[in-house]
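A.B. asks: I am attaching a structure below and will ask some questions about it afterwards.
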Amino acid sequence: MPPAPTIALRRQRLGAELRKLRERAGLTSTAAAALLGGPQARISNIEAGRYAVSTDRVRTLAHNYSCADEEYVDVLAAMTGGRMRGW
463 MPPAPTIALR RQRLGAELRK LRERAGLTST AAAALLGGPQ ARISNIEAGR
513 YAVSTDRVRT LAHNYSCADE EYVDVLAAMT GGRMRGW
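In terms of my numbering, the sequence shown is residues 463 to 549.
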């Protein structure tokens, strides 16, 4: 079953924000992947919203992209969704 639309939209938005940070840092997706020690496709999939990303990885990416705005990084980390309690 595909993810709920709200989850998919949140991933796409998070990916778009991470792409903006990467581009502002002047890094290619290949260079960003090398900093994480993974394949370039992982960065592309994260930025396209096709791949779930952990809070820790969001923080690592933001650090690698020289994002000093901790409040903004906290908002991005919150967009990973984590496990939310239901009713």
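All C-beta atoms in this analysis are idealised placements derived from N, C-alpha and C, irrespective of residue type, glycine included.
Please confirm whether residue 477 and residue 508 have their CB atoms less than 8 Å apart.
C.D. replies: Against the sequence shown, residue 477 aligns to sequence position 15. Against the sequence shown, residue 508 aligns to sequence position 46. Yes, these two residues count as a Cβ contact at 8 Å.
A.B. asks: Using CA coordinates, which residue listed in 532, 490, 505 is at the minimum distance from residue 473?
C.D. replies: By one-based count along the sequence shown, residue 473 stands at place 11. Checking every option, the nearest Cα to that of residue 473 belongs to 505.
A.B. asks: Does DSSP put residue 522 in a helix, in a strand, or in coil?
C.D. replies: If you number the sequence shown from 1, residue 522 lands on position 60. Helix, per DSSP.
A.B. asks: Give the list of continuous alpha helix (DSSP H) stretches no shorter than 4 residues that lie fully inside the stretch 489–544.
C.D. replies: Correct list: 491–498, 502–510, 517–526, 532–540.
A.B. asks: Which term fits residue 537, buried or exposed, when burial requires 16 or more other beta carbons within 10 angstroms of its beta carbon?
C.D. replies: Residue numbering aside, residue 537 sits at position 75 when the sequence shown is read from its first letter. It counts as exposed.
A.B. asks: Using CA coordinates, which residue listed in 521, 485, 511 is at the minimum distance from residue 498?
C.D. replies: Mapped onto the sequence shown, residue 498 falls at position 36. Measuring from the Cα of residue 498, the nearest candidate turns out to be 521.
A.B. asks: Mapping the DSSP letters down to three states, classify residue 487 as helix, strand or coil.
C.D. replies: For this step, residue 487 is matched to residue 25 along the sequence shown. Coil.
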